[in-house]
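Going down the list, the sequences are from chains A and B. For reference, each letter of the first sequence is one residue, going 0 to 583 in numbering that gives the first Met the number 0. For reference, each letter of the second sequence is one residue, going 0 to 441 in numbering that gives the first Met the number 0. Ideal placement from N, C-alpha and C gives every residue a C-beta, glycine not left out. What you are looking at is a predicted structure, and each value in this text was computed from that prediction instead of being measured. Following: one structure in structure tokens, then a few remarks.
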Amino acid sequence: MTKGKVTGVVGNLVTVEVNGPVGQNEICYIHLEKEKLMSEVIKVKGNIASTQVYESTRGLKVGMDVEFTEHMLEVELGPGLLSKNFDGLQSDLDTKEGIFLKRGEYTDPLNKDKKFAFKALAKVGDTVKAADWLAVVKEGWIDHKIMVPFKFEGKYKVKSIVSDGEYKVYDTVAVLTNDKGDDVKVTMSQKWPVKMAINHFKEKPRPNKIMETGVRIIDIFNPMAEGGTGFIPGPFGCGKTVLQHAISKNAEADLIIIAACGERANEVVEIFTDFPELIDPRTGRKLMERTMIICNTSNMPVAAREASVYTAMTLAEYYRQMGLKVLLLADSTSRWAQALREMSNRLEELPGQDGFPMDLPAVISQFYSRAGMVHLDNGATGSVTFIGTVSPAGGNLKEPVTESTKKAARCFYALQQNRADAKRYPAVDPIESYSKYLEYPEIKEYFKKTISEGWVDLVLSAKNWAQRGKETYDQINILGDDSVPVDYHVIFWKSEVIDFVLMQQDAFDKIDSITPLARQKVMLELVMSLCEQNYKFDSFEEVTPYFKKMINLFRQMNYSEFKSDDFFNFEKEVKQLAEERRAK
Amino acid sequence: MQGQAFQKIYTKIIKLNKATCTLKAEGIGNEELAFVDGRPAQVVKIERDEVTLQVFQGTEGIATDAEVIFTGKPPTLKVSEQLAGRFFNAYGKPIDGGPEVDGEEREIGGPSVNPVRRMQPSEYIKTGIAGIDLNNALVTGQKIPFFADPDQPYNQVMADVALRAEADKIILGGMGLSNDDYLYYKHLFDNAGALDKIVCFINTTDDPSVERLLIPDMALTTAEYFAVDKNEKVLVLLTDMTLFADALAIVSNKMDQIPSKDSMPGSLYSDLAKIYEKAVQFPAGGSITIIAVTTLSGGDITHAIPDNTGYITEGQLFLRKDTDINKVIVDPFRSLSRLKQLVIGKKSRADHPQVMNTAIRLFAEATSAKTKRDNGFDLTDYDERCIKFAYEYSEKLLAIDVNIQVDEMLDTGWNLFSRFFDKNEVGIKKEFMDKYWKADAK
Ligand SMILES: Nc1ncnc2c1ncn2[C@@H]1O[C@H](COP(=O)(O)OP(=O)(O)O)[C@@H](O)[C@H]1O
Ligand SMILES: [Mg+2]
């Protein structure tokens, strides 16, 4: 194995003189007096390797020993990952000692002593290849598939497989024979380099289903597809994190992986605290039972931020290979881009726009392309849906991370400062935001079959009202309240009804925060029927109080249990109110 | 400290610029503390046998044959109960004429708390200021800055908050503090009889600016001692973080780093996060709450310093002059406490969130009405009522000189709603309307 000695340190960039071959992105360990620090090769010139250290470099000295590992940054895959809290390098945070993180302490991702109930799926004599399902074990409520390791090339014959029973992760559970006649032992765990996509599937079709999130501005107006991609850019305080948390609580996925990348620790603590208590409305299980957290907050080592999003993606792909519906959320992808920038600057590379590395757009689009719905070779379907947040400097969307992401992601949930200031949450811009999936024929077909024939038209017409309302509002502001026809006020207020009742949603109200699609349908249809109706007013001064009253009643409906007495009473009142002013 | 056995001494500097010097030396650790001609300095770069030191006081007058002493360790602070009531400079040396502190020597800028060991903040900090307690409730373990133009009385507001917050310890980290402001704090703590619970680390405008870089770490190492070892509720005041960031920019510029937006170093976000993320609620009951000041230039929050700060902190308290009432208020639009939902309606009356939101919404409508008026349009009766409401809301609740209990803030809110509006116009949940609406207020 290659060894080396430290020759220089600046920040977390450490140069190492090596005595043998090293690979790009190879992991090495720097030996301090007491601890070993994990580090990744990011550039090689002659016998000097530049490495980024995933830890503080305080006390590092020239001449310290470095040992290379011959592999890239890898994650360990196997049963027991579910419900865990990992750092960016997949160390289990809960098994670390003490209150403070200790430099150089890397804990095992999997519990080597825990037993899992094993049930074989393959038989002796079967021909198998990488990613084929050999067995299934119970991991919580998930049927966790034990697969032929992804790194295996070519075809294998199952020589032996253990009988059903309880086994530990590192027990040999099968022996496979390759076409040269060599036997290889297989355990329930395997390793995979995080920067490489796990691509063991037959095909990756276009998304053709919706992933319900319980958030109205998404599900109704800008729907997310299963296996789709989207991003949420917005200035600080506009609601990126709250929106992602809302999605993570309500989305219709088997598994949620949250990558807390370079943001606040207290926001992750909120998940640690709430998720073990909160109930997943669909299954009745605790939310934590379907959640995994990759946590590399802003005060944790910068270089590991980049690792954290790849670690999270690789775990998502692993579960996709089992035929599961995985939702991956990353907050914030800008912090990862900034980590790339810090390193690129230290390497004195020629900077691109705003000092970001030149290849930033390629890095981002490659990452987003790892999402998707897949048909596995065995006929099962799995998916990784990805939604990232972007934190543009100064809130200005004309910056490299936002622009590169816009090219890569299919849904755009732009958070707007004005809306957040006016507490119109979620502050998703009703006009600029979009979901490309709304244009997919497959998705339109899906809506037709699962919701109603005219659903997409109804949605487009609601969007149209919102747009008209905004234009009319501008007109009224230019010309003055009494210089425009009364009708202008009515149009504007109809758009306000759509805004207040459908687009806005209180993420902190027990009932309003979760709106299943069935309830969204009832509300959209009701609101739209009242928008299509004509109203009679004698003067513009009557318009505002009237619609305020209507909005107020609608909001009481949103706060009431679906189909409760209160709900129906408020509905009746709204309809009565509409009748009072109905024009022929 | 100087002249101990393990220290290495050199006398041959090969490179000098305004902030750093480079010399040939061996066996030196990254971030090690050294003294160049008696001036404190820290290792910022090592390249084979060449070591670059950042000299905090600048290199003016340093000669190539100056004596350079390496201490073999990063900057440290001695911690013990003796810190209480004392004033120190950026190196932790007493500036109050008192003796040196005895205690355990700790490295400053130590490791982060394991996120799974943190507790969720849950204790409501009451300040009496409705712009804070009603609209932007603070919680122990939170980190939040005041965003204010330099001419606003942020140091006074921060001092009010500190003294009313019922903290066990108040740690003041002053960076580029004017001598007047330093004395203001000193007298105030003295007069309030609070001297025994404060610890100050002060860098004034008279001191070299790069020294400021040590202040937050000194203050937070002290805070960790009291919060972890003594399980105390510690409040850390950092003023002015804009001057801290300016010092970062000076250093990175001297190190030939490529500046990013507004001439700030590309690592500004991480540098600030390392400080602010020290705010934490510990499981054993101790906590560190950070209240900082970030001065703005002309109210511009898109500048890299407030912008990066806003992305890190748990909200911001935005001070501005309300010309209608001619007082400084906590601006309800640009201010935010991200942790408020952990306490409002839970540790205060259940109607708190709705009263807060409704009042802010009506205040926003008053703003649009005023714009309408300024553009020469007629106002509706509703517009007029919004404007009247806004005036009283600003005067009775938003102004920073308000000092009342939370229940009184809520009652004041209900009183204003009932006086100026109809039931329909406020849009609050029925159960609260039934309970608090003051039908006879008009
Ligand atoms: N849907 C919502 N309902 C109510 N309040 C919200 C909502 N979204 C955001 N907020 C408010 O905005 C604050 C900031 O939201 P957050 O998601 O943390 O912003 P960001 O991540 O964009 O900086 C929250 O603390 C909360 O007070
Ligand atoms: Mg956020």
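For my contact list, D48(B) and K23(B) are in at a C-beta cut-off of 8 Å; report their separation, rounded to the angstrom.
Numbered from 1 along the second sequence, position 49 holds the residue referred to as residue 48(B). Numbered from 1 along the second sequence, position 24 holds the residue referred to as residue 23(B). About 5 Å separates the two Cβ atoms, so the contact holds.
Using a threshold of 7 Å, is the CB atom of Y367(A) nearer than that to any non-hydrogen atom of ligand 1?
Within the first sequence, numbered from 1, the residue matching residue 367(A) stands at position 368. For ligand 1, not one heavy atom lies less than 7 Å from the Cβ of Y367(A).
Check the Cβ of G314(B) against every Cβ in chain A and list those closer than 8 Å, keeping chain order.
In the second sequence, the residue the question calls residue 314(B) occupies position 315. Within 8 Å Cβ-Cβ: G236.
Go through the region 195-267 of chain A residue by residue and report every complete run of the alpha helix (DSSP H) that reaches 4 residues or more, in order.
239-249
Buried or exposed by the 16-neighbour rule on C-beta atoms within 10 Å, applied to W140(A):
As a working note, residue 140(A) is residue 141 in the first sequence. Counting Cβ neighbours within 10 Å, W140(A) comes out exposed, since fewer than 16 surround it.
DSSP state of I290(B), grouped into three classes?
In the second sequence, residue 290(B) corresponds to position 291, counting from 1. Reduced to three states, the DSSP call for I290(B) is strand.
At a threshold of 7 Å, does R554(A) count as lining ligand 4 (C-beta to nearest heavy atom)?
In the structure on display, ligand 4 does not appear, and the ligands it does have are ligand 1 and ligand 2.
What residues match up with C385(B) in a beta bridge as DSSP calls it?
Translated into positions along the second sequence, residue 385(B) becomes position 386. Paired residue(s): none; C385(B) is not in a bridge.
Please confirm if D216(B) has its CB atom under 8 Å from at least one CB of chain A.
Here residue 216(B) refers to the residue found at position 217 when the second sequence is read from its first residue. No - not a single Cβ of chain A is within 8 Å of the one on D216(B).
Relative to the alpha-carbon of L242(B), which residue among M174(B), M254(B), F225(B), I290(B) has its alpha-carbon at the smallest distance?
On the second sequence, residue 242(B) is found 243 positions in, with the first residue counted as 1. The shortest C-alpha separation from L242(B) is found at M174(B).
I'd like to know if T6(A) contacts chain B, where contact means its C-beta is closer than 8 Å to some C-beta of that chain.
The residue you call residue 6(A) lines up with position 7 of the first sequence. At least one chain B Cβ lies under 8 Å of T6(A).
Quick one: does P440(A) have its CB under 8 Å from some CB of chain B?
As a working note, residue 440(A) is residue 441 in the first sequence. So, not an interface residue.
Check whether chain B comes within 8 Å of T272(A), counting only Cβ atoms and requiring the distance to be less than that.
Translated into the one-based positions of the first sequence, residue 272(A) becomes position 273. Interface residue, yes.
Return the chain-ordered list of same chain residues with a C-beta closer than 7 Å to the C-beta of R289(A), the five sequence neighbours on each side being excluded.
Numbered from its first residue, the first sequence carries residue 289(A) at position 290. So the list reads D253, L254, I255, D279, once near-sequence residues are dropped.
Using the beta-carbon of each residue, which ones in chain B are nearer than 8 Å to N84(A)?
Working through the first sequence from its first residue, we reach residue 84(A) at position 85. By Cβ distance, chain B contributes P114, V115.
What distance in whole Å lies between the Cβ atoms of D93(A) and K167(A), which are believed to be in contact at a cut-off of 8 Å?
What you label residue 167(A) is simply residue 168 of the first sequence in a count that begins at 1. What you label residue 93(A) is simply residue 94 of the first sequence in a count that begins at 1. That belief does not hold up - the Cβ atoms of K167(A) and D93(A) are roughly 19 Å apart, past 8 Å.
By alpha-carbon positions, which one of Q41(B), K72(B), P73(B) ends up nearest to T58(B)?
In the second sequence, the residue the question calls residue 58(B) occupies position 59. T58(B) has its Cα closest to that of Q41(B), out of Q41(B), K72(B), P73(B).
Figure out for me which residue from V301(A), P360(A), T126(A), V389(A) has the closest Cα to the Cα of L328(A).
Along the first sequence, one-based indexing puts residue 328(A) at 329. Of the candidates V301(A), P360(A), T126(A), V389(A), the one whose C-alpha sits nearest the C-alpha of L328(A) is V389(A).
So M37(A) is in the beta strand (DSSP E); what residue range does that whole segment cover?
Numbered from 1 along the first sequence, position 38 holds the residue referred to as residue 37(A). Start and end: 35-44.
Chain A contact for N178(B) (CB, 8 Å cutoff):
For the purposes of this step, residue 178(B) is taken as residue 179 along the second sequence, with counting starting at 1. So no, N178(B) is outside the interface.
Quick one: does Q1(B) have its CB under 8 Å from some CB of chain A?
The sequence position of residue 1(B) within the second sequence is 2, counting from 1. For Q1(B), the predicted model reports a pLDDT of 44, less than 50, meaning its position is unreliable; a value from the coordinates is still stated below. Chain A, which has no Cβ nearer than 8 Å to the Cβ of Q1(B), makes this no.
Beta-carbon within less than 6 Å of T471(A)'s beta-carbon, same chain only, minus the 5 sequence neighbours each way: which residues are those?
Sequence index remark: in the first sequence, residue 471(A) carries index 472 (1-based). Contacts found: Y487, I490, F491.
Examine ligand 2 and report whether any of its heavy atoms sits within less than 7 Å of the Cβ of K239(A).
Position 240 of the first sequence holds residue 239(A). Yes, ligand 2 has a heavy atom inside 7 Å of this Cβ.
Consider the C-beta atom of D170(A) and the heavy atoms of ligand 2; say whether any pair is separated by less than 7 Å.
Translated into positions along the first sequence, residue 170(A) becomes position 171. Incorrect: D170(A) has no Cβ contact closer than 7 Å to ligand 2.
Cβ shell of A164(B) (< 6 Å), same chain only, five flanking positions each side left out:
Position 165 of the second sequence, counted from the first residue, corresponds to residue 164(B). Result list for A164(B): I124, L234, in chain order.
Where DSSP assigns a beta bridge to H374(A), which residues make up the other side?
Mapped onto the first sequence, residue 374(A) falls at position 375. Partner(s): E202(A), T380(A).
What's the call for G229(A), buried or exposed, on a 16-neighbour Cβ count within 10 Å?
Along the first sequence, read from residue 1 onward, the residue named residue 229(A) stands at position 230. That one is buried.
CB-CB under 8 Å to K2(A), same chain, minus the five flanking residues each way: which ones, in chain order?
As a position in the first sequence, residue 2(A) is number 3, starting the count at 1. Only V17, N18, G19, D64, V65, E66, F67 meet the Cβ criterion.
Looking at E262(A) and ligand 2, is the gap between the Cβ and the nearest heavy atom below 7 Å?
Here residue 262(A) corresponds to residue number 263 of the first sequence, with the count starting at 1. The answer is yes for E262(A).
Applying the 10 Å Cβ sphere with the 16-neighbour rule, what's the burial state of Y169(A)?
Here residue 169(A) refers to the residue found at position 170 of the first sequence. It is exposed - the Cβ of Y169(A) has fewer than 16 other Cβ atoms within 10 Å.
Cβ-Cβ separation, E305(A) to A338(A) (assumed contact under 8 Å), whole Å:
In the first sequence, residue 338(A) corresponds to position 339, counting from 1. In the first sequence, residue 305(A) corresponds to position 306, counting from 1. So it is a contact: roughly 5 Å between Cβ atoms.
What do you get for Q1(B), buried or exposed, if any count of 16 or more other CB atoms within 10 angstroms of its CB means buried?
Taking the first residue of the second sequence as 1, we reach residue 1(B) at position 2. Because the pLDDT at Q1(B) is just 44, under 50, the model does not fix this residue reliably, and the point stays unresolved.
Contact between the region 24-37 of chain B and the region 562-580 of chain A: three or more CB pairs below 8 Å?
no
Just the C-alpha distance for Q519(A) and K179(A), rounded to the nearest angstrom, thanks.
Here residue 519(A) corresponds to residue number 520 of the first sequence, with the count starting at 1. Here residue 179(A) corresponds to residue number 180 of the first sequence, with the count starting at 1. Straight-line Cα distance between these residues: approximately 59 Å.
Proximity test, D273(A) beta-carbon vs ligand 1 heavy atom, cut-off 7 Å
Position 274 of the first sequence holds residue 273(A). No, the beta carbon of D273(A) sits no closer than 7 Å to any heavy atom of ligand 1.
Continuous alpha helix (DSSP H) stretch holding I477(A): start and end:
The count along the first sequence starts at 1 and reaches residue 477(A) at position 478. Element bounds for I477(A): 454-478.
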